[in-house]
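Chains as they are written, first to last, in this note's numbering: chain A, 1 to 212; chain B, 1001 to 1212. Think of the CB as a built atom: it goes at the ideal place given N, C-alpha and C, for glycine as much as any other residue. These numbers were taken from a predicted model, which means no experiment stands behind them. One structure is given here, and the rest of the page talks about it.
2 protein chains.
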Amino acid sequence: MQTPSKTSQLGRPRTPRLSRKAIGRAALEMFQEEESLSIPRLAERLGVRQSSFYKHVTGRQEIVELARGALVERAPMPELKTGNLDEVIRLTFDALRKAYSLVPALLPLLLTQPVSHPAALELYDRFVEAFEFAGTPKHLVIPTLETLDSAAIGASLDAMTMESAWSIADEEQDTYPHLFAAQKAVAEHPVDRFAFLADVLSAGLRAAIGDA
Amino acid sequence: MQTPSKTSQLGRPRTPRLSRKAIGRAALEMFQEEESLSIPRLAERLGVRQSSFYKHVTGRQEIVELARGALVERAPMPELKTGNLDEVIRLTFDALRKAYSLVPALLPLLLTQPVSHPAALELYDRFVEAFEFAGTPKHLVIPTLETLDSAAIGASLDAMTMESAWSIADEEQDTYPHLFAAQKAVAEHPVDRFAFLADVLSAGLRAAIGDA
DNA sequence: CACAATAAGTGAATGGCTTTCACTAAAGAA
DNA sequence: TTCTTTAGTGAAAGCCATTCACTTATTGTG
Chain A
1 MQTPSKTSQL GRPRTPRLSR KAIGRAALEM FQEEESLSIP RLAERLGVRQ SSFYKHVTGR
61 QEIVELARGA LVERAPMPEL KTGNLDEVIR LTFDALRKAY SLVPALLPLL LTQPVSHPAA
121 LELYDRFVEA FEFAGTPKHL VIPTLETLDS AAIGASLDAM TMESAWSIAD EEQDTYPHLF
181 AAQKAVAEHP VDRFAFLADV LSAGLRAAIG DA
Chain B
1001 MQTPSKTSQL GRPRTPRLSR KAIGRAALEM FQEEESLSIP RLAERLGVRQ SSFYKHVTGR
1061 QEIVELARGA LVERAPMPEL KTGNLDEVIR LTFDALRKAY SLVPALLPLL LTQPVSHPAA
1121 LELYDRFVEA FEFAGTPKHL VIPTLETLDS AAIGASLDAM TMESAWSIAD EEQDTYPHLF
1181 AAQKAVAEHP VDRFAFLADV LSAGLRAAIG DA
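Written out as structure tokens, the structure is:
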């Protein structure tokens, strides 16, 4: 008649097994490794049953938002205390694309819900501060940030749809002659997409902001 | 003993009830109206059982690609036979964003799979032709198109996450002072995001292409 | 023309998913 | 100590995509 040391799993555990932070981190990890999020599988990773999540979180969407938080916390915030607009543009773009590139599979989900995680809001708050410090007119700061954010997401997703965004079957090459030739041209003379985008954004934003 | 005129629904019908084109159109319509795609509900719309789709299509992803085709066919192709680079940039961006804005809910799905629908490939083929005609170096045409495409998608998605991409609770306004102030500034002095982006892209791409 | 092969639907089933809810047991407050 | 709240469990409901054996019509072949 031994004591039921058999960890009965039922009832409140002596030490908590879950927390919002742990959920966010595990979700991010899962996105990186499996390119998708499933609550049963996340539960398995955390040694817990699926229903347990709903004590900490209202649903799937909130888990995604926690993953955003975990992503931001992992991403290093650059020093932006320069007054140089070009530098702020490039550093911001680079910080964003580096973070996003870690988890391309998460991006479509991040895109469809507003940013509400405190860590993410704080990050953007600092970006805003830097743009204002660099002389951006107040009403253009948000559009500027949105532009950089979209561009960083687009670039990271492009990198995910590896190779090319356009998939042309061999026998169709003559049907789309210009597109096919252009793909060949860039294959033979590779262009660093990130650098290209950074140049475009830098020149474009400086022009748009300066004209204001 | 009357003949079983009761349309038995079983076996091959005298006239086809489905086609790839019809599926694509219905899927696009469903995305517009319900902001999501479900095969059972799509079957209901088309007066058919869910399993029927798999005679025309290999799976969900292919239905999404057919929706892309339907979207392209609905979108009007602009006249691009000008040699003016700025004009080509603006017309391309505008054509893309107009098409994407019709179905923002579809965009995250389009982003995650390569373009393979013939109508879409033909559209991009013509864009490529126009950029070459306007003097873009061959190896920069694809990066340029990708930039415009990402920007158009980003802008259309921003418009979907209505109001603002950043959701700050009232009691947190002081926690993110710069972000909050910037949001107020743009609210008081509204900026046309599409026009802003078009200006940025135009200036930026012309600079990047010219420098090549 | 007969008849085999193929094509287009159906219906039922499988296995995945998210979410809810009554429950249990521990922690914390009064 | 007793009461309330908290953090887990387990079972179930209701979605979803996909598969497969089946039926019936059409198409191709000798």
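Is there contact between the segment 1087 to 1102 of chain B and the segment 1042 to 1058 of chain B, where contact requires at least three CB pairs shorter than 8 angstroms?
The segment 1087 to 1102 of chain B is not in contact with the segment 1042 to 1058 of chain B.
Just checking: is the beta-carbon of A:Q32 within a distance shorter than 9 angstroms of some beta-carbon in chain B?
Start at 1 with the first residue of the first sequence, and residue 32 of chain A comes out as number 32. Not an interface residue.
Which class does B:V1103 belong to by DSSP, given the choice of helix, strand or coil?
Residue mapping note: residue 1103 of chain B aligns to position 103 of the second sequence, counting from 1. It is coil, neither helix nor strand.
What's the gap between the Cα of A:H56 and the Cα of A:R20?
The residue labelled residue 56 of chain A in the question sits at position 56 within the first sequence. The residue labelled residue 20 of chain A in the question sits at position 20 within the first sequence. Taking the straight line joining both Cα atoms gives about 6 angstroms.
Look at A:G24 and A:I63 and say whether their C-beta atoms are less than 9 angstroms apart.
Here the question's residue 24 of chain A lines up with position 24 in the first sequence. Here the question's residue 63 of chain A lines up with position 63 in the first sequence. Cβ distance < 9 angstroms, so A:G24 and A:I63 count as in contact.
So, with DSSP's three-state summary, where would you put A:V191?
In the first sequence, counting from the first residue as 1, residue 191 of chain A sits at position 191. Of the three classes helix, strand and coil, the one that applies to A:V191 here is coil, per DSSP.
So which residues of chain A does B:R1193 contact, with C-beta pairs closer than 8 angstroms?
Counting from 1 along the second sequence, the entry for residue 1193 of chain B is found at position 193. Near B:R1193 (Cβ distances below 8 angstroms), the residues of chain A are P143, E146.
Return the CA-CA distance between A:L140 and A:L110, expressed in angstroms with no decimal places.
Counted from its first residue, the first sequence places residue 140 of chain A at position 140. Counted from its first residue, the first sequence places residue 110 of chain A at position 110. Answer to the nearest angstrom: the Cα atoms are 23 angstroms apart.
Out of A:S167, A:L107, A:T136, which has the shortest C-alpha to C-alpha gap to A:S36?
In the first sequence, residue 36 of chain A corresponds to position 36, counting from 1. Nearest of A:S167, A:L107, A:T136 to A:S36, Cα basis: A:L107.
Excluding the five sequence neighbours on either side, which residues of its own chain have a C-beta within less than 7 angstroms of the C-beta of A:A67, listed in chain order?
The residue labelled residue 67 of chain A in the question sits at position 67 within the first sequence. Closer than 7 angstroms at the Cβ level, and outside the excluded window around A:A67, lie G24, A27, L28, F31, L106.
Which term fits A:P13, buried or exposed, when burial requires 16 or more other beta carbons within 10 angstroms of its beta carbon?
On the first sequence, residue 13 of chain A is found 13 positions in, with the first residue counted as 1. Label assigned to A:P13: exposed.
Does the beta carbon of A:Y100 come closer than 9 angstroms to any beta carbon on chain B?
Taking the first residue of the first sequence as position 1, residue 100 of chain A is located at position 100. It does not; no Cβ of chain B falls within 9 angstroms.
Counting only Cβ pairs nearer than 7 angstroms, list the residues of chain B close to A:Q183.
The residue given as residue 183 of chain A occupies position 183 in the first sequence. What A:Q183 touches in chain B: I1142.
Using a C-beta to C-beta distance shorter than 7 angstroms, which residues of chain B count as neighbours of A:E122?
Within the first sequence, numbered from 1, the residue matching residue 122 of chain A stands at position 122. By Cβ distance, chain B contributes Y1176.
In the DSSP output, what is B:V1115 paired with across the bridge?
In the second sequence, residue 1115 of chain B corresponds to position 115, counting from 1. Per DSSP, A:W166.
With H, G and I counted as helix, E and B as strand and the rest as coil, what does DSSP make of A:P177?
Sequence index remark: in the first sequence, residue 177 of chain A carries index 177 (1-based). Three-state result, A:P177: helix.
By how many angstroms is the C-alpha of A:P114 removed from the C-alpha of A:R45?
Mapped onto the first sequence, residue 45 of chain A falls at position 45. Mapped onto the first sequence, residue 114 of chain A falls at position 114. Whole-angstrom Cα-Cα distance: 27 angstroms.
Looking at B:F1131 and B:L1201, is the spacing between their C-beta atoms short of 9 angstroms?
Here residue 1201 of chain B corresponds to residue number 201 of the second sequence, with the count starting at 1. Here residue 1131 of chain B corresponds to residue number 131 of the second sequence, with the count starting at 1. No, the Cβ-Cβ distance between B:L1201 and B:F1131 is not below 9 angstroms.
Would you call the segment 1147 to 1167 of chain B and the segment 146 to 163 of chain A in contact, with 3 or more CB pairs under 8 angstroms?
Touching, yes.
Compare the beta carbon distance of B:E1122 and A:Y176 with 9 angstroms and say whether it is the shorter of the two.
Stepping through the second sequence from its first residue, residue 1122 of chain B is reached at position 122. Stepping through the first sequence from its first residue, residue 176 of chain A is reached at position 176. Yes, these two residues count as a Cβ contact at 9 angstroms.
Check whether the Cβ of B:G1154 lies closer than 9 angstroms to any Cβ atom in chain A.
In the second sequence, counting from the first residue as 1, residue 1154 of chain B sits at position 154. True, the Cβ-Cβ gap to chain A drops below 9 angstroms.
Among B:A1022, B:L1042, B:S1164, which one has its Cα closest to the Cα of B:L1071?
Taking the second sequence and counting its residues from 1, one reaches residue 1071 of chain B at position 71. For the residues B:A1022, B:L1042, B:S1164, the minimum Cα distance to B:L1071 belongs to B:A1022.
Under 9 angstroms between C-beta atoms, does B:D1158 make it to chain A?
Position 158 of the second sequence, counted from the first residue, corresponds to residue 1158 of chain B. Taking Cβ atoms only, chain A reaches closer than 9 angstroms to B:D1158, which makes this a yes.
Going by other Cβ atoms of all chains shown within 10 Å of its Cβ, with 16 needed for buried, is A:P215 buried or exposed?
Residue 215 of chain A lies beyond the range of chain A shown here (1 to 212); nothing can be said about it.
Could you round the C-beta distance between A:A185 and B:K1138 to whole angstroms and report it? I think they count as a contact, below 8 angstroms.
Taking the first residue of the first sequence as 1, we reach residue 185 of chain A at position 185. Taking the first residue of the second sequence as 1, we reach residue 1138 of chain B at position 138. Indeed, because the Cβ distance is near 4 angstroms, the residues count as touching under 8 angstroms.
So is B:P1108 in contact with chain A if we call contact Cβ pairs under 9 angstroms?
In the second sequence, counting from the first residue as 1, residue 1108 of chain B sits at position 108. Judged by the 9 angstroms Cβ criterion, B:P1108 is in contact with chain A.
Please name the residue, chosen from B:S1038, B:E1034, B:E1129, that lies closest to A:Q183 on a Cα-to-Cα basis.
By 1-based counting over the first sequence, the position of residue 183 of chain A is 183. Residue B:E1129 is the option with its Cα nearest to A:Q183.
Are any of the Cβ atoms in chain B nearer than 9 angstroms to that of A:D170?
As a working mapping, residue 170 of chain A is identified with position 170 in the first sequence. Not closer than 9 angstroms to any Cβ of chain B, the Cβ of A:D170 fails to qualify, so no.
Assign B:Q1061 to one of three DSSP states: helix, strand, or coil.
For this step, residue 1061 of chain B is matched to residue 61 along the second sequence. B:Q1061 falls in the helix class under three-state DSSP.
Does chain B have any CB closer than 9 angstroms to the CB of A:V115?
Here residue 115 of chain A is taken as the residue at index 115 of the first sequence, counted from 1. So, interface residue.
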